[in-house]
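Below: one structure, written as structure tokens.
Numbering (our numbering), first residue to last: 855 to 1033.
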């Protein structure tokens, strides 16, 4: 069956090669302060009688079990498909997560926000971050999604250090409208 589907001359060798490749796979956690954390997915992979058997590492098993207890973020997929910006989608995920934690206001530091938006190196100036990431994402979310989001700045002296987001249900949102 495998040979007819994957056009391999020797499916047994292909599975053995795949088993060997799985052993080298790892997950890399994004660095925060220049520290890169790489963890192997598997501590053992065995090819046996046409099957691949593998064991997750303890680190991965612990993280996977932790995900069960943490829960998952619920979001409106019909609304998300209307979003055109990756930053809007990421903001919406964050807003849904905070909403699910019953936090209708959330303060997040600018460094953490840059990290979450994957723009640490791109928009170093706060004005650029607001102009190119935050404001367009908020505008798109408020016009196309079931949430109304606003934010205010948190300052230390004259420097903006964090943003406080307020999340509300958008009562005027129509789920099935086309944009």
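Beta carbons are placed, not taken as given, at the ideal position from N, Cα and C, and that holds for glycine.
| query | result |
| --- | --- |
| Using the C-alpha atoms, what's the distance from residue 964 back to residue 977? | 11 Å |
| List the whole-angstrom C-beta distance separating residue 890 from residue 882, where the pair is believed to meet the contact cut-off of C-beta under 8 Å. | 6 Å |
| Are the CB atoms of residue 1018 and residue 938 nearer to each other than 9 Å? | no |
| Is it buried or exposed, residue 940, if we count other Cβ atoms within 10 angstroms and call 16 or more buried? | exposed |
| Alpha carbon to alpha carbon, what distance is there between residue 913 and residue 880? | 11 Å |
| Output needed for residue 870: all residues of its chain with C-beta closer than 8 Å, excluding positions within five of it in sequence on either side, in chain order. | 901 |
| May I ask which residues mark the beginning and end of the beta strand (DSSP E) holding residue 1000? | Segment: none, residue 1000 is in no beta strand (DSSP E) and carries neither H nor E. |
| Are residue 995 and residue 945 touching if we call contact CB-CB under 9 Å? | yes |
| For a test of the three-state rule: what should DSSP assign to residue 894, helix, strand or coil? | strand |
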